[in-house]
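J.: Input: one structure, supplied below.
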Amino acid sequence: MGYIAKRRITTYKNGQKIVIERGESIPAGVELKNKKVLINRGYLEKTPGGPAEPVKKEAPKKKTRKPKTKAAEPVLIPVPPPEPIKEEVEEPEEPISEEEGLGLDASEAEEPKKKSKKGKKSKKRKK
């Protein structure tokens with residue numbers, strides 16, 4: 004009876020490492036002490052008759068990930084050059100008195116109050 008390896012088996016004989024690939028028969032002169040265990044675990048398979056011819060089975064191909072599609076390259080749209088900015092010339096206006104122009108009393112036509120800056124404290128210098 005012959006044996007065919009269902010999986011890769013590594014054994015050692017006379018200090019040399021022997022690798023039996025999947026589908027290969029066990030070479031002459033190599034004795035496996037635990038054949039029953041290897042058969043039960045699915046490493047070996049018995050073949051009827053004499054030594055079997057090695058049947059090379061191809062391992063199932065691993066599924067490869069599909070490459071992610073790359074984002075399309077941005078299309079550059081030509082932009083016309085900016086037109087020069089025309090400065091508007093302000094005409095000097097005649098000064099109008101506050102009472103006449105705004106229609107307010109002199110007391111109401113005060114300047115807006117300045118905002119106080121909170122949070123900024125000056126540090127005193129040590130002398």
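Note that the numbering used here has the sequence shown beginning at 4, numbered continuously upward. No residue lacks a Cβ here, since even glycine has one placed at the ideal position from N, Cα and C.
State the beta-bridge partners of Y15 as determined by DSSP.
T.: K20
J.: Which class does K49 belong to by DSSP, given the choice of helix, strand or coil?
T.: Three-state result, K49: strand.
J.: Would DSSP call P7 helix, strand or coil?
T.: The sequence shown places Ile at residue 7, not Pro. Three-state DSSP puts I7 in a strand.
J.: Suppose you measure from the CA of G18 to the CA of E61; what does that come to, to the nearest Å?
T.: 30 Å
J.: Provide the residue(s) that pair with S28 in DSSP beta bridges, ordered along the chain.
T.: I7
J.: Apart from the five residues on each side of it in sequence, which residues of its chain come closer than 8 Å, Cβ to Cβ, to G45?
T.: K9 and R10
J.: With a threshold of 16 other CB atoms inside 10 Å of the CB of L41, please say whether the residue is buried or exposed.
T.: buried
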